[in-house]
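Residue numbers (the working numbering), protein chains in the order written: chain A, 1 to 316; chain B, 1001 to 1432; chain C, 2001 to 2250. See structure below.
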Amino acid sequence: MLQIAFFSVLNGLVYGMLLFMLSSGLTLIFGMMGVLNFAHAGFYMLGAYVAYTMGLYIGFWPALLVAPVLVGVAGALVERHGLRRVHRFGHVAELVFTFGVALLIEEVVALVWGRPAKTYEVPALLDFPLFRVFGSSFPAYKGFMLLVAVAIFLFIFAILSRTRAGLIIQASLTHPGMVAMLGHNVPRVFMVVFGIGSALAGLAGVIAGPVLGTFPGMAQVLGSIVFVVVVIGGLGSLTGAFVASLLIGIVQTFAVALDVSVGNVLMALGVPASASVALHDIWKVTIAQVAPIMPYLLLVLVLMIRPTGLFGTRET
Amino acid sequence: MSTPTPAAARPLAVDQVSRSGGLRVFGLWVGVALLLVVLPFVIRTPVAVPIMNQMGIAIVFALSYNMLLGQGGMLSFGHAVYFGVGGFIAAHALNLAAGRGVYLPVPLVPLAGGLGGLVFAMIFGAFSTIRSGTVFAMISLGVGELMAASSLIFDRFFGGEEGITTNRAKAPLLFGLTFTKDREVYYLIAFWVVVTAAAMYAFSRTPIGRIANAVRDNPERAEFVGYSPRWVRYVSFCAAGLFAGIAGGLFAVNYEILTAENMGLNASGAVLLMTYIGGIGYFLGPIMGAVVFTFLQSMLSDYTGIWLLYLGILFLATVLFVPAGLAGLLMLHAPAWRAGRLPRLIGPYLLVAVFGVVAAVGVVGAFEMTHFLASAESTRATKRLFGVAVAPRTPAPWLAFIAFTAVGALGLRWAAPRATAAVAEANRPGPS
Amino acid sequence: MRAIELQDVHKAFGPTLIIRGVSLTIEAGTRQALIGPNGAGKSTLFNLITGKYPVSSGRIRLKGEEVTGRRPNEINRLGLSRSFQVTNIFPQLSVFENLRCSVLWALGYRYSFWHRVNRARDVQERTETVLEQLNLTARRHVPAGVLSYAEQRALEIGITIAGGADVILLDEPTSGMSRSETEHVVQLIREVTAGKTLLMVEHDMGVVFDLADRIAVLVYGEVIAHDTPERIRANAAVQEAYLGVPQGTV
């Protein structure tokens, strides 16, 4: 039991930090431009695939540095030539556009790399157990993932709060008009933020590819969860994204590890066993089976009760 | 307040349409109905009827979706939930009719689907429609994923991985009509298409239908003239769920199987694509979009494995360059048509078409060769493209297709602005 | 009868108190103006009366009925309608449709999906009447978003009065207009508010003295005077608020 708890917390942390890498870019983009970028997870996928291919020729470590940059450039181009055009048609059109980009990225990836999953390997340097506890080992690569994610968090935090560029970005988050009046090229700020957000997503892909699998469906799998994280944490709030990422990461990891049925939980909460007849389908299902639904249940609940999310101040 | 919409995106004023004469509109409906009756006899290829059935279902689904998007300004990523649930309920109802002697003949099965869609829309709509915009879109996404994930838990209703199957041959008969053949199902679907389209059209002409447009444009002002935007959205949502459920019921009758896929994000994405491509600002838009999308989906998938990529490109092109969709593109020419100046546009459009085809050949060729190289059939050396055998592993075809693309793109760059100017000129009010 | 009654109304946004204890009574059938320097809280007061913002404390009554804390659509259904300082119309709908939307609830059609709106005689007639009053009959099919500014302001007023409300609040109806446009709008306002209660926020003193029976002066969230135009003109406190110098000093 303690083993499960310990590793669930650890794995949950890793997963949560990965979610944060993805959701931080998304929430920044939303906070600044008001558009929920459906294609964000697509850039995550691109990062994984580009790094995989580059890794075949130049190795994992150079790819780790170059692939996110390429993805970031791709993101900036999408903003410059696509999103900017659609911006004047309103928020609905922007959402629809990013949905189309997401679809396109998925199809292009399937086109160029094929549909079967790629064997994107953990680099040999990190392919060893970091430590052994309670009879199970924790792979060094996951420790590396955690390290990178924390470094990214500190990096974003430092840039936003300590540099001039960060100040401008923060100001553009709430008062883009005023920032423009002060002489800053706000469209360029948007493009840069979009590019950096996409690069972050790409970096998440480079790192997560070996662990979560590299296949054309990887964007869809993670994409929805990232939206849930961003909305629950609060649109435009980095703190919210951080808290929600860890929350969902740990809760989901825990849930998957629990081989307990919903009925058991309900009985522990005092619901009589006779209710099992009425709720038969739900009763015998395990928490692990319910785990995939939980983020969405949480999403719907939060949106009903507090549409601005836990830490957010804006709704749309 | 928002900026004025570009000319291409402005729909006709409602009373402008009614001024063309109620009789003429009625005649139009009768004409459409007659056309549908005659169609299977005109197009005799064996695959025609199954594809037309698919189109019919898509038309009803897309029209219901546009009640939310075009009429109500609500972007939903989970509309397929009501389509799917309607389908499942219809399938179960049909099974009950066959087994337990419940009197539900096949023609009425879609109503069971509609009821299912309506009930679920009333339940989920209660919290989905509190707000519009991004929050609504996110809730719809959440509900959609929730239902898709729940389908594995409630496997008695959803049939688990295999889904639910049904058999329309075993249902009780109405007026002795059987529905064993595709053509018989076609007439049933055509009937329901006309009925539901007429109903949805009529809905848009009712007070709630008109106010839905107002709430879409400016929910705050709508509140200040006495309406609750939330209630208006809720009614629209329930109506859209009803018709989506009917579409699902037609699906159940036609294909005799429903799976969780029919409720999922892919199905919701497909209806968004087809409605947007057709044009969300016009009643005819979703109909056109459904027809074109289904046609491309069926025809293209015979020739290429990457048809979804092409549809995605078409979709993005629509969003970027023709946001009013196909219907909007057609309506753009209305003033020119009325003034009789359409023939002037043949020349400029022909140029655009030629260069467009050249560019398309290049792009499609490059994509198809990439697909060939990346997929399992790469043991072969040549691929048949546009009737010619090309060898994708040699540089020659690549250079050729790149040349095609370049020539086509440059030509379009030259020809497209001329065409746009010609259209503006032809639309100009005043003497020729 | 008292059309609008405010009783010790306060409104704070966060720590900032904008409306500081306003008690105001508007008699039915009068045309009254609410004036005051920028930032006094005039639009905020409008938003409180019409239900857009909830009050922090105090009570508001419309035609004797308590409306404190009610939603805008409920207040509108009781017979109060307002226009907006920044034009707030339905841009994609035609002029005719814009007006028709504000007529539907008032004529009892509500959320009906069993009436055909084009066949509803009463709706069509009422909309046509307002359309003519606004002098926009020739533009009836034009999408409201492409009208000229003055036409949009006229439509704005049209939407406000089309429903037949008997208490009308107009927020700076002539802002941004030329001399002749202002004259037209004043004439329009006089026409459409005949026999009704009007309260308008205005900066154009010519319009104010032309139309208003009484004037209320709002300064820093308090009503410092509420009287006939002549007495307001002579009021020392009002002069100080506008000119910063009490009359008589150098």
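Beta carbons: idealized from backbone N, C-alpha and C, even for Gly.
Within chain A, the residues that residue i reaches when beta carbons sit closer than 7 Å
| i | result |
| --- | --- |
| I1139 of chain B | V300, L303 |
CA-to-CA distance, residue j to residue i, given in whole angstroms
| i | j | result |
| --- | --- | --- |
| G317 of chain A | R2116 of chain C | Within the shown structure, residues of chain A are numbered from 1 to 316, placing residue 317 of chain A beyond reach of any answer. |
| N2047 of chain C | P2072 of chain C | 9 Å |
| L1300 of chain B | G1070 of chain B | 28 Å |
| L1258 of chain B | A1202 of chain B | 30 Å |
| H2234 of chain C | S1204 of chain B | Checking the sequence, you will find Ala at residue 2234 of chain C rather than His. Answer to the nearest angstrom: the Cα atoms are 57 Å apart. |
| T239 of chain A | S245 of chain A | 10 Å |
| A102 of chain A | G2041 of chain C | 47 Å |
| G1312 of chain B | G90 of chain A | 21 Å |
| Y2109 of chain C | A1098 of chain B | 44 Å |
| N1167 of chain B | F1367 of chain B | 41 Å |
| V228 of chain A | V1081 of chain B | 19 Å |
| R1428 of chain B | A1336 of chain B | 8 Å |
| L19 of chain A | G233 of chain A | 12 Å |
| V1038 of chain B | P1046 of chain B | 16 Å |
| D1015 of chain B | L2017 of chain C | Summary for D1015 of chain B: the model assigns pLDDT 43, below 50, so the residue's position carries little reliability, and this model does not support an answer. |
| K1170 of chain B | V1119 of chain B | 27 Å |
| W1414 of chain B | V211 of chain A | 49 Å |
| P1050 of chain B | P1286 of chain B | 20 Å |
Residue range of the unbroken beta strand (DSSP E) whose run includes residue i
| i | result |
| --- | --- |
| L70 of chain A | Counting along the chain, L70 of chain A falls outside any beta strand (DSSP E), though it belongs to the alpha helix (DSSP H) covering 60-78. |
| V2219 of chain C | 2214-2219 |
| G2021 of chain C | 2016-2027 |
| L2222 of chain C | According to the sequence shown, residue 2222 of chain C is Glu rather than Leu. That run of the beta strand (DSSP E) goes 2222-2227. |
| K1383 of chain B | 1383-1385 |
| Q2007 of chain C | 2002-2013 |
| V2167 of chain C | 2167-2171 |
| Q2032 of chain C | 2031-2035 |
Neighbouring residues, chain C, relative to residue i (Cβ below 8 Å)
| i | result |
| --- | --- |
| T1206 of chain B | S2112, F2113, W2114, H2115, R2116, V2117 |
Within chain B, the residues that residue i reaches when beta carbons sit closer than 7 Å
| i | result |
| --- | --- |
| G100 of chain A | G1312, F1315, L1316, V1319 |
| H91 of chain A | G1133, T1134 |
Per-residue contacts from residue i into chain B (C-beta, under 9 Å)
| i | result |
| --- | --- |
| G2079 of chain C | Here the premise fails: no neighbours, minimum Cβ distance about 10 Å. |
| T2050 of chain C | F1224 |
| L352 of chain A | Nothing can be reported for residue 352 of chain A, as the shown portion of chain A is limited to 1 through 316. |
Under 9 Å by beta carbon: chain C residues contacting residue i
| i | result |
| --- | --- |
| Y1227 of chain B | N2073, N2076, C2101, L2104, W2105, R2110, Y2111 |
| V1235 of chain B | Y2111, F2113 |
Contacts that residue i makes with chain C (C-beta to C-beta distance below 7 Å)
| i | result |
| --- | --- |
| D1217 of chain B | F2090, P2091, Q2092, L2093 |
| E1223 of chain B | P2072, N2073 |
| W1231 of chain B | Y2111 |
Boundaries (first-last residue) of the alpha helix (DSSP H) holding residue i
| i | result |
| --- | --- |
| P2072 of chain C | 2072-2077 |
| P187 of chain A | 186-212 |
| T98 of chain A | 91-113 |
| P1219 of chain B | 1219-1224 |
| S161 of chain A | 140-162 |
Contacts of residue i in chain B (Cβ-Cβ under 8 Å)
| i | result |
| --- | --- |
| E107 of chain A | I1306, L1308, L1309, G1312 |
| I207 of chain A | What I207 of chain A touches in chain B: nothing, since even the nearest Cβ is about 25 Å away. |
| R85 of chain A | L1320 |
| R2082 of chain C | F1224 |
Where the segment 1117-1141 of chain B meets chain A: residues whose CB sits under 8 Å from a CB there | F1127, I1130, R1131, G1133, T1134, V1135, A1137, M1138, I1139, L1141
Count the C-beta pairs between the segment 1394-1404 of chain B and the segment 1360-1368 of chain B that are closer than 8 Å, then say yes if the count reaches three, no if not.
-> yes
Inspect the CB distances between the segment 2193-2201 of chain C and the segment 2166-2176 of chain C and report whether three or more fall short of 8 Å.
-> yes
Can you give me, in chain order, the residues of the segment 1141-1153 of chain B that have a beta carbon less than 8 Å from any beta carbon in chain A?
-> L1141, G1142, V1143, E1145, L1146, A1149, S1150, L1152, I1153
Are the segment 211-221 of chain A and the segment 36-47 of chain A touching by the rule of at least three beta carbon pairs closer than 8 Å?
-> yes
Can you find at least 3 beta carbon pairs, one from the segment 2189-2198 of chain C and one from the segment 2026-2035 of chain C, that sit closer than 8 Å?
-> yes
Count the C-beta pairs between the segment 1072-1086 of chain B and the segment 1132-1143 of chain B that are closer than 8 Å, then say yes if the count reaches three, no if not.
-> yes
Can you find at least 3 beta carbon pairs, one from the segment 1273-1287 of chain B and one from the segment 53-70 of chain A, that sit closer than 8 Å?
-> no
Members of the segment 68-82 of chain A that neighbour chain F once the beta carbon cut-off is set at 8 Å = In the structure shown, chain F cannot be found, because the protein chains are A, B and C.
Counting Cβ pairs closer than 8 Å, one from the segment 58-77 of chain A and one from the segment 179-198 of chain A, do we hit at least three?
-> yes
Where the segment 2150-2168 of chain C meets chain B: residues whose CB sits under 7 Å from a CB there | I2159, G2163
Inter-stretch contact at 8 Å, needing at least 3 Cβ pairs: the segment 283-303 of chain A / the segment 1146-1156 of chain B | yes
So, do the segment 3-19 of chain A and the segment 183-190 of chain A have three or more beta carbon pairs nearer to each other than 8 Å?
-> no
Of the residues that make up the segment 1356-1383 of chain B, which ones have a beta carbon closer than 7 Å to any beta carbon in chain A?
-> F1367, T1370, H1371, A1374, S1375
Three CB pairs or more closer than 8 Å across the segment 1406-1419 of chain B and the segment 1347-1362 of chain B | yes
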